[in-house]
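For the sequence shown, our numbering begins at 37 and goes up steadily by one. A virtual CB, placed ideally from N, CA and C, is assigned to each residue, including glycine.
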Amino acid sequence: MIEKLWQALYDAGGVIKDQAANIEEWLAVFPRLEAYGFRVTHFSLGVSISPSLEVEMRAAHETFPPERIDQYIETTRSSTALQLVFNTVKSTYALYRKAKLPLRGELIVRLRIRISPEIRVIIGAPAGVEE
């Protein structure tokens, strides 16, 4: 029984190392995203058995017209992280346009980096924040 516990702890250590490496990779991406027009407005690290990095970035809608997003997708093919961000922004704008809603507020991108990153794109003000 104790051997299984030690093995589980050892395996968890490997997962934590993988997560730390994943977070390290993303740290190099944020300056590049700022160069594309985003500004980091929130940065936090959660440390537990499963550490996570949470980042919020904002930009004006005018900074990312559809043709510019397509251009960024084309020029960032070598970076999975940038591809994830720009493809998620593109998909969110496409769905928003399909809903025929007027653009409000700013473009907000929230990332939660763990073993697999979670990217959330918000158009307008996030819940709980009044414009």
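CA-to-CA distance, residue 159 to residue 89, given in whole angstroms: Against the sequence shown, residue 89 aligns to sequence position 53. Against the sequence shown, residue 159 aligns to sequence position 123. C-alpha separation (whole angstroms): 22 Å.
Every unbroken alpha helix (DSSP H) within the segment 81-165, with a cutoff of 4 residues, ordered by chain: List check, alpha helix (DSSP H) in window: 102-111 and 116-134.
Opposing strand residues paired with residue 79 [DSSP bridges]: Within the sequence shown, residue 79 is the residue found at index 43, counting from 1. For residue 79, which the question treats as bridged, DSSP gives the partners 91.
The segment 131-140 contacting the segment 106-115, beta-carbon criterion three pairs below 8 Å: Because the criterion of three Cβ pairs below 8 Å is not met, the segment 131-140 and the segment 106-115 do not touch.
Anticipated Cβ contact below 8 Å, residue 87 with residue 59, distance rounded: The count along the sequence shown starts at 1 and reaches residue 87 at position 51. The count along the sequence shown starts at 1 and reaches residue 59 at position 23. Rounded to the nearest angstrom, the Cβ distance from residue 87 to residue 59 is 7 Å, consistent with a contact under 8 Å.
Classification of residue 79 by the beta-carbon crowding that lies within 10 angstroms, buried from 16 upward: Counted from its first residue, the sequence shown places residue 79 at position 43. It is exposed - the Cβ of residue 79 has fewer than 16 other Cβ atoms within 10 Å.
Host alpha helix (DSSP H) of residue 71 (start-end): Translated into positions along the sequence shown, residue 71 becomes position 35. DSSP places residue 71 in the uninterrupted alpha helix (DSSP H) bounded by 65-71.
Contact under 7 Å by Cβ, residue 140 with residue 92: As a working mapping, residue 140 is identified with position 104 in the sequence shown. As a working mapping, residue 92 is identified with position 56 in the sequence shown. Against a cut-off of 7 Å, the Cβ pair of residue 92 and residue 140 comes out as no contact.
Proximity to residue 100 [Cα-Cα], best of 156, 83 and 72: Taking the first residue of the sequence shown as 1, we reach residue 100 at position 64. If we check each option's Cα against that of residue 100, 72 comes out closest.
Nearest residue (CA-CA) to residue 95, options 124, 69 and 65: What you label residue 95 is simply residue 59 of the sequence shown in a count that begins at 1. Of the listed residues, the one whose Cα sits closest to residue 95 is 69.
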